[in-house]
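Enquirer: In the working numbering, the protein residues as written are 5 to 130.
Every residue gets a Cβ at the ideal spot worked out from N, C-alpha and C, and that includes glycine.
#1: Does the region 81–94 come close enough to the region 63–71 to have 3 or more Cβ pairs within less than 8 Å?
#2: Straight-line CA distance for residue 9 to residue 37?
#3: Between which two residues does the beta strand (DSSP E) harbouring residue 51 extend?
#4: Which class does residue 65 belong to by DSSP, given the choice of helix, strand or coil?
#5: Tell me the DSSP secondary structure of residue 74 in three-state form.
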């Protein structure tokens, strides 16, 4: 029995729609599949930067960290979101979510994310 790769024959628009159903990290991993897939993830219409800190114990654990370690983790998250937002190639954005414990030091970055999302016509902030 011969295996046929039908997914590779789909148009980019359909592949991007499929990638939009995955988490952002899962979609980015598909860039390893081939040269064709390398930048498809950057065109997804859903950017969900869920850090898993939005559920009870994780927030408590995060708040118990030293201020320096909390800031380091927050900075890493902000840098990740900013990098992906700048690389986003899609002409529009349906959904945007950033979920992490951030303080006022990151206001400029958060404002920039919102500006980019609004420019791309974001429909839902979730």
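Expert: Here's the rundown:
#1: no
#2: 13 Å
#3: Per DSSP, the continuous beta strand (DSSP E) segment holding residue 51 begins and ends at 50–54.
#4: Of the three classes helix, strand and coil, the one that applies to residue 65 here is helix, per DSSP.
#5: helix
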